[in-house]
Structure formats: C-alpha cells, structure tokens
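Undergrad: Structure in structure tokens, see below.
There are 2 protein chains.
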Amino acid sequence: MANRQLKYVGANTRRVDGYDKVTGRAKYTGDLEIPGMLYGHVLRSHHAHARIVAIDTGAAERLPGVAGVLTGRDVGDLDPHYGGRPLIALERVRYVGEPVAVVAADDPLTAEQAAALVEVTYEELPAAMGLDAALAPDAPRVHEDREGNICGHDKVRRGDVAQGFAESDRIFEHHFTFPMIYHYSMEPHGVIADYRDDGITLWSSAQHPFLVQADLARIFGFPDSRVSLNVPYLGGGFGGKSYAKIEPLVVAASRKVRRPVRVCLSVSEAMVTVRRHSAKVRVKTGVKEDGTLMAREAEIYLDTGAYMDNGPQVATRAATRVLGPYRIPHIYTDAYAVYTHAGGAGSFRSIGGPQSIFAGESQMNMIAASLGRDPAELRLKNLLKRGEVMRPGLRPLDVNLAGTLKRLVSASRWKTRSRKDGAPVGLACGMTNAGGQPITVAMVRLQADGAATIMAGSTEMGQGVRTVLSQFVGEELQLPLERIRMSGADTALTPYDRSTGSSRSTTLMGRAVQQAARDVKRQLLKIGAAAFGVRAGEIRLTDGALVCGEARMSFAEALEKRFGAAAGELIGTGTVGPEIIKDVLPVVWEVGMGTVELDIDRDTGAVSVADYLSVADVGKAINPIQCEGQEEGAAMMGLGHALFEEMIYEGGQLVNSNLVDYRIPSFTDMPRGFHTVLVENGDGLGPYGSRGMGEGGIFSVAPAITGALAHATGVQFCDLPLTPERVWRALRTAGGTDRT
Amino acid sequence: MANRQLKYVGANTRRVDGYDKVTGRAKYTGDLEIPGMLYGHVLRSHHAHARIVAIDTGAAERLPGVAGVLTGRDVGDLDPHYGGRPLIALERVRYVGEPVAVVAADDPLTAEQAAALVEVTYEELPAAMGLDAALAPDAPRVHEDREGNICGHDKVRRGDVAQGFAESDRIFEHHFTFPMIYHYSMEPHGVIADYRDDGITLWSSAQHPFLVQADLARIFGFPDSRVSLNVPYLGGGFGGKSYAKIEPLVVAASRKVRRPVRVCLSVSEAMVTVRRHSAKVRVKTGVKEDGTLMAREAEIYLDTGAYMDNGPQVATRAATRVLGPYRIPHIYTDAYAVYTHAGGAGSFRSIGGPQSIFAGESQMNMIAASLGRDPAELRLKNLLKRGEVMRPGLRPLDVNLAGTLKRLVSASRWKTRSRKDGAPVGLACGMTNAGGQPITVAMVRLQADGAATIMAGSTEMGQGVRTVLSQFVGEELQLPLERIRMSGADTALTPYDRSTGSSRSTTLMGRAVQQAARDVKRQLLKIGAAAFGVRAGEIRLTDGALVCGEARMSFAEALEKRFGAAAGELIGTGTVGPEIIKDVLPVVWEVGMGTVELDIDRDTGAVSVADYLSVADVGKAINPIQCEGQEEGAAMMGLGHALFEEMIYEGGQLVNSNLVDYRIPSFTDMPRGFHTVLVENGDGLGPYGSRGMGEGGIFSVAPAITGALAHATGVQFCDLPLTPERVWRALRTAGGTDRT
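Written as structure tokens, this is what we have:
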C-alpha cells in the first residue's frame, strides 16, 4: 500500500484514555456498583483432590445480611461446564482453590464471614501434582472418565526425522523446564452479573466479551443476544482474561438470589484461576557441520492444571513455536497438555511461545557455541525467507526475517560486543503465528457536531487499542483525535468482534474500523460534491473539513447541508471476514528478537540485565511510542519469567500467592539500557501494512539471558527462573555444566 | 406501494414491551440509581412575580448530609437560558413554583428538610395572571426587557377576508375559551445528571433526547457528542417531556456538587413545569346560504406562562388548525402566545389543536344548526380534496377527507341517530399538520444467533413505537418479533433522531428502520445467492431463514457461512432527510373525526358519554389494536378536556395541583360504547403508506360534545370544561344561549 504523507498514523499521539487513567477517573469493574447489588464471596476447596460428601449451608444462610449461598446443587438443571470445567465444584474438587460455594450478602465482610460458616465434608483422594506425577503410569486421574491425564496433543510432521538425523553431522538433545507463571495484571478478575428471566447483563473485565457471551448463553439457555456483556477498562489482560473465567459462577450466584452480584477476586484467588502453563521440553536438533539445520524433534509437556480451558490450543501453538523461524526439512514435534491437580492454566501473551522458544533458542545458542559459530550467523543461515511455508497448513511467510536479524546485529553492535571471550552477552529470536480469527465488524458514526464515535468491540486493557483505532479514523477522515471517541464494548450495542488478543486488534479491528471510516468519508465526499458542484475526487479532507480550492465546509456544516439542521449523523460500517486470509491462518506472523548484556554477581548468583535491545517487525508502527511501550512491557515480562517468577506448589497448595513471595520485576530490575527498534516494512495485513505486536517482545529474553550466562560463565542453564540461588549453586560447581 | 401479503405488519402482534411492563420490570428514571448519586430537592418560588433580594443557603449547607445548594449565583459563568427561561431563577421569579435553589443531599428527606432552611428574601412585584391581565395596556411585563407580553405571533392570510365576508350570506362570530390542562402522565419528570469535566451523562424521561443534548451542550459548553442522554421507558409523554425541561437544572446541581444528582418531580411540581396553553379564541366565519364557506377570521390568544418554551410554535399551529379541513377562499387568522405569570406551557398532544378546533368545529355545528343543515353534510360540502393546498406554504393534501367523513357517517349511523329532534348527538372533525422534522437515522443489526437489534432513537412512552418498529423489521426480514429487540435511546450509541412526537416515529423512524432492515436483507440475500448458487431474486425470506426451492438456511447459518463460525453480524443503516418531503412540511396530515352520544342529567348538570365513535385515517394500521389504543386514549384525553379538567390559579397560586382536586377521566367515565374505525388508504409517507396517528383522536371530542349538548338542549357551550355546575347553571337559564 502506497502511504502518502500521514498525519495521525505513525505519530506519537497522546493516548485517548490517558486523561481518564491519570486522573483515576477510568472505571474498572471493581469500581462499579449496580443498584441492588450484592457482594459475592467464593468458598474454595482446600484439597487438591477430594470427593464432596456433604455441604451444609444452613449456618451461612442464617447469618443476617446473607441473601443466599450457591453450591453445586443449584446448577443441576444446567449443563454447567465450559472450557472443560464445571462453573462450581459438583461431586468433586480437583485443585486447591476450586469454587465450592458462593455466598451473596449485603456487604463483602458478611459474605466472607458467612463463607466461613459453610461446612463442607470432603473425602480426600490422591492428587497428581506436577507433570511427572500426572504422567506416571499409575497416576490418579484428574478426570475419572478419561483415559489418563493427557487433555490435548498436537504435532508437526514434515519429512523423515530419522533420515534428517542420519544426514546430520552433529546432534544436540537437551531438556528444559519452564515454571508456572502468573499474569499479575494490576486488576484481578471482576464480574458483576444480573440474571433475569429474560436474559443476563454482566459487567466483566473480559478480553473476549463475545466469546463469554456465547458460553453464558449456552450454559443458561438463552439466545446469545439475550446476554449483554459490558466491558469497562481492564487493568491488564495478557490473556488472563481471555475466554470465560468466573463469569458463569457469578451469573449462577445471581440466578440463585435473583439480584445482581459482584465478585472481585483477590490476587490469591486469581492465581489459582489462571496462569501460564509450566513446561518440560525435550529438543533434539540435527545440524550439518556448517550449521545448516537438518532435523528437529521435540516433546513438550504442559501443565494445564485441573481443567482444560484452552490448554489444547496452547499445546498446538507450542508444537509449532518450538521450531523457531527456521527452515528445517525434517520435523517431528509433539506437544501435550496435561491435567494435574493444580489451578488451571490458559492463555498468556504468546501462548506456548516462551516455554518452547526458551528451549529451542537456548539450544540454538548451545549449537552455535559447540560449532564455534556466531549465534547470529548460525540463525541467519537458517532463517526462512518470505513466501516459504514454515509448517504445512500455515500461511506462507510475509516477513523479512533476515533483514530484522541484521537490524538486531547492527543496532546492538553484536559483533563488537560478542567478540570478547566471556562477554556476558546473548541473543535470541523467535516468530509466532498469532492466532486471531478474522471475524470483526465495526462502525464509525460522524455526528452533527463533527465528532466521530468508533463502535468497536476491542477491549482496552492498557495496550492502547482505543488510541490506535482513533488514529485510523483520524487519518481517514483527517479529524483531530480530540474529536474521536471510543467506549468499552457492550455486546448489546457494539458490533461483533471475535476477541481481543493474538495481536489482532490493530490488524483486524483496524481494518474494519478503517473500512467504516472510509464509508463515512465516501458519504462526506458525496455531500461535498453536491455542495461544491465538483467531483468527489476533487475534494480533500483536512482538519475536520472538506476543502476544494477556496471552498471549505466543516463536517458539522456538511451534516447540516445533508439534514437541513445541526442534526443527523453519518454511519459507516466495516466488516472483516475469513476471506482476507483465504482461510489460511495466521493473520499475523509476529517476529521478535533481542540481545542482552548481563551483570552477573558471581558471589551471590544475582543476575541483572545491564542492557536489552529488542527488535520488533511491526510492519508499520501506528503509534511508535505505544509500540515501544508494548515491546518493553513484553520484555519486562520475559525478564520476570527468566529471572524471578515461579508459582510454587507444595503438597497441593500454592504457597507463594502474593506479591511478596511471588517476585515480579520492579522498576529497579529494569535494564539500565533498554532499547527498542521497530522494523517497518509495511508488509502486514493490517492497515498501512501493520502486523500487530505485543507478543514478540517476550520470548527472546530468557534464551538470550541463558545464552549470555553460558557465554560469560560456560554454564548452561536449562531451568527457569534463574534465581540467585540456582545461579550461585551452578557456578559454585566448578566448571559446572547443564544437566543434560 | 403495492402491499403483498403481510405477516407482521397489520397484525395485532403482542407489544414487545408488554412483558416488562406487566411484570413491573420496566425501568423508569425514578427506578434508577447511580453509584454515588445524591437526591435533589427543588426550592420553588411562592411568589408569582418578585425580585430576589437575597438567598442565604448557610443553614441548609450546614445540615449533615447536604452536599451543596445550587442557586442562581452558581450559573453566572454560563448563559443559563434555554427555551427562553433561565435554568434557575436569577434576579427575579416569574411564577409560583419557579426553581430558586436545589439542595443535593444523601437522601430525599434531608434534601427536602434543607430546602426549607434556605432563606430567600423577595421583593414582591405585581403579577399578570391570565390572558386578560397580561394583555391589558398597563399590564406588568413578565419579561422586563420586552415590549409587552406577546412572545409569539403567527398568522395565515389568503385572499381578501373583507371581500369574503361581503360575499357571504351569513356571518357567524363567537368567542370560546379553553382551560389550562395538565398532561398527567403516570410518571412526572425524572432526571439523573452526572456532570464531569469532560462531559455530561444523563438519564432522563425525555421525549427528545437529541434536542435536549444540544441544549445542554450549548449551555454547559461541550460539543454535543460529549453529552450523553440515556432514555429509559417513559411513563407517558404527550408532549410534556418534549424539549429540555428540568435537565439543565439537574445538570447544574450535579456540576455544583460534582456528584450525580437525581431529581424526580412530584405531580404538583410537574404541573407548574409544563401544561397545555389555555386559550381565548374568536372565530368569525362567513358562509353562503347553501353552506359554502367563504371566509374565516380568527384571533387566538394562548397563555404561555412565564417562559416561552415552544409557545410560539403552538401559536403557529393554532393559526392554521383553527381553519379545519375546509376549503376557505378568504382567510385571516392570528394566533398569539402570551406571557403571563403562570407556570409554563408547552407541547401537548396536537399542539394548538384542541383549543382552536374546539372553537372552529363548535362554530361549524352552530352554522349547520342555524342554516338548518346536517352538520355532516355541511362539512362534506366544504372538505378539501386530495392535492389541494390547505394554506399557502404547506404540502398539498394527500388524504381522502370526504371518504373518511362518509365512513364516520355510516359507521355511526349518524343520519338515523341525528334525525330525531333533541337527540344528544354531535359530530366534529379536524385535521392537523403534524410538525415532525424528517431527520432520522437508524440501524438494524442481525446477530450471529439470528436475532435482530434495532438501534433507533425513538422514545417508548407507551405509544408502542418499539412494537411498530419491530413489526417493520419483522416484515422486511420475515423474522418473528420475539427475535427482535430495541432498547431506549442513548445518544452516545443510538443514531440521531430528531424527536419523538408529532406522529413522526411510525412514519419517519419507520422509514429509516425499514431502510436499515432492507440493507440487512440485501446482505443476507448476497450470502444466500453465493451459498445456493442462484440469483438473489430467487431467494425468499421466511421465518428467520433464506429459502430457495428445497434449500433452506437459517439466518444464524447464513452468518456462519459469511464468517466461518457462529459469529459476526450484519449491520444495516437507514437515513431519512428533508428530501422525502422536498422541504415542504408537513410529513403527515393527520385526520380525526368523531361522533358522540351523551347522557345528560338535567337535574345535576352531569354529562357523560354514552357512545363515542372515532374515525382515524391512519393510512395503514401497522398494529390495529395499538392504533385503537392510541385513538381511544386520545379520545379519553379529549373527554377530560371537555368535561373535567382545568388547572385553577387563584392569586398566582395553582390551587388544584393534585389528583383529587384536578379531575381526570377514570374508567367509570369511559363511554359505554367506544368504537374506533381505522381508515387505511395506504396514502401516507410512512412505510406501507402509514401516516402516523395519536393526535387525531383528541380534538373532535369537545366540539362533538358541545354539538350534542346544543342539539339536545338548545344551549350552546363555548367554555370548557363542561362541569356539572357550568352545565346546570346554563340549563337552568331557561332557553339559555351562549354568551355571544
């Protein structure tokens, strides 16, 4: 697409939600109160696996201020399952923290007090904690009606991997582990549900309002359109608020007491509600002596926890993502989602990516070291080219990988910095097939005062989508952003959008909104052509007005021309369907690469990042400063994964579910040098050739760090996080090597 | 328009809002609570005219629970005028009941108590109560900066009225009076306002949300689109909730305390907020001996009260409506809106109609009696024909008036019943130029479950607009009404609609919604054509599905075909602008006629209606039973005007502002025989040739009743209401005649 001079797109415009947020005026679900609303408190299982023998809610129900207590008995008339889980425990609990009852009361303290009065009699059962236990031949079954504990499996096959290894000069095989990670959004899940005979209204911090709508409609027996979901601002999502989470539970509670009920989770509760899959990854790679990749075999096990959620989808992604952005003639990968008796795992920024790319890219660094080759050169040799098919069934590559890697090498002065023996520098790169489905409808309304309203179902969760979509409308209509508005989704009023996630909002919603704005523009030009007595092509839009030669007519005047008064409006619509990718996913190939330089305190084992440089191929940076924010935010998250974060289960209990014991990166952990380079080849499917971003910055961090540690110390780390204790112990073992 | 077999249009479908209303689930503004909301109480002037010397709010402000007190001092930075009034009294009060202060407090009782603590020092000034006082040469001026008290004047001139009278064989001149009437909606005005730095959000029982939005935007200095008005159900409107009423006052209160504030008026407060204009009407008509109308002169004075509102518009309408649906070669009418020191008057079902048509049609009956002609025959002789221009500047007639009158005559067996001397039967007819402006935009969304949502700014105030619009969508899409939904207007989300009133929703919004539904249909047929491999014209829609021969695809399946999943939606838009009437109003000529038979108790003067038959030319009855409901509701209102209702001011005070002292018709007053005949010529501008209704039923009642009284007793009544006392006194005066 030929880009003429752009005014709003590509500019560091102010965030349209900035004022609301810095003044504290932005409303989140927990800020909302609905008249007649009760407060719900969830009583949770303290057993990892048990049969529920009896529940006595009598004492709780008798407590003054309690409106009712929901238990599994109340949902017997429904099929209460979604994402493989019941909305509340039925005969059995399968993880510590599983909802067993919900008390709805006049105030939160009464609800909590009453929950303590609910007496649950359990018969404890043996639990399978962790992948090894769950995969053991005699493991307790998490779901008694299933064969074993595998809940999802996907594989990639190409060529003949045995032949590939036979033709290789060198074969590398390593085992990696990746911990359970929590999203740690600023805002844990919050839901207000109002169940009525003829439908349900919810306010929820949901990333995917329309998918949640569909789940609720099915469970509670309404047509989709009778379930209205309102999504205010989200205090972060990162996939943790994808799909239905506690919405069905809160709706069931409201259905029980026939009043609106609000449940806002604590951090501890949210941590057992959803997290990233921990993983065990075996990667075996065959290479020629010159570094040409010949074959890769991988086996990935992912700890999905007690219920499926989208674990199988995570496995599917991992089976592909472990391959890296490389041309590999012989492939044989398997990824398994595994039930365990832990809280559930689900989507998390670049699903299945960090786990598998940590393994694949760590090994690439080991191969380079072993072959005595520069790790950048090794990669450059094997990178896929534009138009090549990375794995059968996926859309051919539309990116220039080599160009991006060369930018990384030059921008980081990689060759100079890595030349020195023992320099604590490392590098990694990755590519993901972001999973967004192209089903999106949007509207743009141009109102009588010349202001525009975007009606789009994208969830603003900090990523800046309202700003980006406003920029598209601003550009098409040449309308200043102060005169463009976009609110949160309300499924009753906002057009359908599949979901917010998988880097799909800038690209897919962007296209729909752009179309809608062009529809409005067409209508404006028609009015202008009639008013000026010229052809539409002779009119240009500028600063909220139509201009042709000396003639000028503001949008408000154009509306007045059309409607005979300061009144009326123009409505434009835009629709994106599967045709834009000819049914072959992904919409977006997302590319991220990074180099790191560490400070390593060999006395304490403490590792910190002195410098991080990230290169993201964004196609077109719609709002460069927001892109940098996304990229740096992702890198900080990757840094947390690499150095600090790990949810620790002991005896079925999550023992570090708070901000003190579960360590996330803080500002003091931020790299002293922190650089982002945006590659803009204009070759994405989004407006102006954009390709979406936000996932690419996360996955190169950990393998770059392990690469730097190995380069500096000779010790290869294959297990995360790289806590001081782990690093110190490994370094203390003189000349220590990795476990494999 | 050729109407094929219709399924939803023309059927007595169930009201789509019926279930909400009979279960009490329908929400009105007074049912809503907004978090953090305060309750406002309005302190009102108890002087009809006074200067405000001082206001001391100190004691009120100190009362615990009071957040703040708004007075005129707080709006000094604004131009606080709208509809000719300040939103709160500034230096002067001009009617008893004018808002002087608003207290916002934690609860309604505290607010009321605090309002009593506000000390206002007045300097009383002479007041002009009633038209005569206000029109006297030395009358106190209601607005000191204006010349005299006339606030609006319109006139109709045609031919030479002196010549017309000269050519007449007989000249009739009479004086009529019409009382002040209150709308008496079930729900008085309610408003919740939330003022913020960046805009205003309101919930209001407003008939014209977009016009109120524009007023508020102007007063408070925001672009229109920063003012969001939500309109829940209305408990009746009848014009009483047209234009801005208390919205600016409540917004100013919220602006003062920076919290949401709710004010719900009592009936007493609402009665001084808006009412129908009382009127004095002089009509002089010249006729040939054969009954041919030659000339009409009329002078109409309307009591607008202290502030203008739309009084001038009421005068404009009255100047035309006094002419009746007759061919009159020489016309000379003047109508004046007059300021007095009473509470304000404004729109009321058929503005200016009942007052002027009562006069004109009463006189027609007197002319018929005097000429010894049948009143129906007299009218038939003079009725305008299709295509004739009733008054210069208006759209030519598109109705068959004679046909409608013949239907009235035959359906009521008028000739048989009126033949008998002294039969208590009367007849009247009227026509109005309903004033709706054609500026309307609508959307129809077809969602993935095959359900449709109508997004239209029409206010449901009992008239059944949601049902009618649903029928249009049902018909176009052949979709059962249970699967069609429409909510209240929210100016932030609902497309622009000029107003709800003037019989414009079925016609104008109907056209916009029909267009939008056809836009969806076109998209559906395109999907169907591709799926079935046929031309779109070969597919028909039936029961929510596309059918072609044996092939059938539900709408949900069509969406799935389009989007590759049970997802997405189709959006249709429709726009109606001034082009549909080529800028010549009215959109709708509204015709209503009625015959009445009375029971007259000569001992007590009590008059009741034994039988009433109404004929309405509706063009096409979209929902016949709703049409009948509208027509009968209007007739009952007209019956109230004729027999019972009158707001009584004594010494500046409204003394009967409650349901006991202000008598409205009850079920026991309903005619024993109550019949509605709908004339359907399919010649209106609305969908299916509909022409809108709801105003036509009201204005024939009073002149038909005075005609029947005169026919039965020989006494002509020219003043309303016909209370037992008034009737008894007149009958007691043996052979009493009217005042003229």
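So the sequence lines, in the order shown, correspond to chains A and B. Taken in order, the first sequence gives residues 12 to 751; the numbers are from this note's numbering. Taken in order, the second sequence gives residues 12 to 751; the numbers are from this note's numbering. Backbone N, C-alpha and C fix where the C-beta goes; we use that ideal spot for every residue, glycine too. No experiment lies behind these values; they were computed from the predicted model shown.
Which residues of chain B have a Cβ atom closer than 9 Å to the Cβ of P336/A, listed in chain order?
TA: The premise fails here: P336/A is roughly 28 Å from chain B at the closest Cβ pair, so nothing lies under 9 Å.
Undergrad: Between the segment 588-597 of chain B and the segment 399-418 of chain B, can you find at least three pairs of beta-carbon atoms closer than 8 Å?
TA: They touch, by the three-pair rule.
Undergrad: Residue ranges of each beta strand (DSSP E) run of no fewer than 3 residues wholly in the segment 27-105 of chain B, ordered along the chain?
TA: Listed in chain order, they are 49-55, 61-67 and 77-82.
Undergrad: What residues of chain B sit near E44/A, judged by a beta carbon separation below 7 Å?
TA: Ordered by position in chain B, the residues that pass the 7 Å Cβ test against E44/A are P46.
Undergrad: Near E639/A, what residues of its chain come up, given a Cβ to Cβ distance below 8 Å and the 5 sequence neighbours on each side ignored?
TA: Cβ neighbours of E639/A beyond the five flanking positions: T687 and L689.
Undergrad: Using three-state DSSP, classify E123/B as helix, strand or coil.
TA: Residue state, collapsed to three classes: helix.
Undergrad: Buried or exposed: where does T502/B fall if 16 or more other Cβ atoms within 10 Å of its Cβ makes it buried?
TA: It counts as buried.
Undergrad: With 8 Å as the C-beta to C-beta threshold (strictly closer), list the residues of the segment 567-578 of chain B near chain A in chain order.
TA: The residues in question are R573, F574, G575, A576, A577 and A578.
Undergrad: Does any CB atom of chain B fall closer than 8 Å to the CB of I450/A?
TA: Cβ-Cβ to chain B under 8 Å: yes for I450/A.
Undergrad: Counting only the same chain and skipping the five closest in sequence on each side, list residues whose C-beta sits under 6 Å from that of G747/B.
TA: Only weak support is given to the placement of G747/B: the predicted model assigns it a pLDDT of 46, under 50, and the value that follows is read from those uncertain coordinates. Contacts found: V726 and A741.
Undergrad: Classify L120/A: buried if its beta carbon has 16 or more other beta carbons within 10 angstroms, exposed otherwise.
TA: Exposed, since its Cβ has fewer than 16 Cβ neighbours within 10 Å.
Undergrad: Give me the Cα-Cα distance between I362/A and I368/A, rounded to the nearest whole angstrom.
TA: Their backbone Cα atoms lie some 11 Å apart in a straight line.
Undergrad: Reducing DSSP to helix, strand and coil, say where T427/A ends up.
TA: If DSSP states are grouped into helix, strand and coil, T427/A belongs with the helices.
Undergrad: So what does DSSP say about F574/A, is it helix, strand or coil?
TA: Three-state DSSP puts F574/A in a helix.
Undergrad: Taking the beta carbon of R25/A as the centre, do at least 16 other beta carbons fall within 10 Å, making it buried, or is it exposed?
TA: Exposed, because fewer than 16 other Cβ atoms sit within 10 Å of the Cβ of R25/A.
Undergrad: Count Cβ pairs between the segment 165-184 of chain A and the segment 294-301 of chain A that sit closer than 8 Å; are there 3 or more?
TA: Result yes; three or more Cβ-Cβ pairs closer than 8 Å.
Undergrad: Please determine, among F249/B, A61/B, T344/B and S429/B, the residue with the shortest C-alpha to C-alpha distance to G357/B.
TA: The option with the nearest alpha carbon to G357/B is F249/B.
Undergrad: For I2/B, count neighbouring C-beta atoms within 10 Å of its own C-beta (all shown protein chains included) and say buried if the count is 16 or more, exposed if not.
TA: A query on residue 2/B cannot be resolved here, the shown segment of chain B reaching from 12 to 751 and no further.
Undergrad: Could you give the DSSP three-state label for S381/B: helix, strand or coil?
TA: Reduced to three states, the DSSP call for S381/B is helix.
Undergrad: Start and end of the alpha helix (DSSP H) containing A541/B?
TA: Per DSSP, A541/B belongs to the alpha helix (DSSP H) from G521 to F543.
Undergrad: Looking only at its chain, what residues have a beta carbon closer than 8 Å to the beta carbon of T327/B, apart from the 5 residues adjacent to it on each side?
TA: Excluding residues within five positions, the ones whose Cβ falls inside 8 Å are G163, D165, A346 and G363.
Undergrad: Would you mind reading off the limits of the alpha helix (DSSP H) that contains A295/B?
TA: The sequence shown places Lys at residue 295/B, rather than the Ala named in the question. Counting along the chain, K295/B falls outside any alpha helix (DSSP H), though it belongs to the beta strand (DSSP E) covering S289 to V298.
Undergrad: Should A383/A be labelled buried (16 or more other beta-carbon atoms within 10 Å of its own) or exposed?
TA: Per the sequence presented here, residue 383/A reads as Gly, with Ala not at that position. Answer is exposed; the Cβ neighbour count stays below 16.
Undergrad: Quick one: what's got a C-beta closer than 6 Å to I659/B's C-beta in the same chain, skipping five residues either side?
TA: Counting only Cβ-Cβ distances below 6 Å, and skipping sequence neighbours, we find V666 and N667.
Undergrad: So with CB distances below 8 Å, who are the chain B contacts of G588/A?
TA: R573, F574, G575 and G579, listed in chain order.
Undergrad: Where does V20/B land, buried or exposed, given buried means 16+ other C-beta within 10 angstroms?
TA: Buried, because 16 or more other Cβ atoms sit within 10 Å of the Cβ of V20/B.
Undergrad: Taking just the CA atoms, how far does L552/B sit from P199/B?
TA: Near 44 Å, if we compare the C-alpha coordinates of L552/B and P199/B.
Undergrad: Whole angstroms are fine: how far does the CA of S619/B sit from the CA of F678/B?
TA: Distance between the alpha carbons of F678/B and S619/B is about 12 Å.
Undergrad: Could you spell out where the alpha helix (DSSP H) holding E642/B opens and where it closes?
TA: That run of the alpha helix (DSSP H) goes P635 to L654.
Undergrad: Would a check of beta-carbon distances place M658/B closer than 8 Å to chain A?
TA: So, not an interface residue.
Undergrad: Taking the continuous beta strand (DSSP E) assigned at P110/B, which residues delimit it?
TA: Its beta strand (DSSP E) spans residues P110 to A116.
Undergrad: With a threshold of 6 Å on Cβ separation, who are the neighbours of G473/A within its own chain once the five nearest residues in sequence on each side are excluded?
TA: If we look at G473/A and ignore the five residues flanking it on each side, its Cβ neighbours are G247.
Undergrad: In angstroms with no decimal places, state the Cα-to-Cα distance between T751/A and Y337/A.
TA: Bear in mind that the predicted position of T751/A carries a pLDDT of just 38, short of 50, making it too unreliable to give a figure here.
Undergrad: Does DSSP put I709/B in a helix, a strand or coil?
TA: I709/B falls in the coil class under three-state DSSP.
Undergrad: In this structure, does DSSP put A741/A in helix, strand or coil?
TA: In the structure shown, A741/A sits in a helix (DSSP, three-state: H, G or I).
Undergrad: Is any beta-carbon of chain A found at less than 8 Å from that of T464/B?
TA: By this cut-off, T464/B is an interface position.
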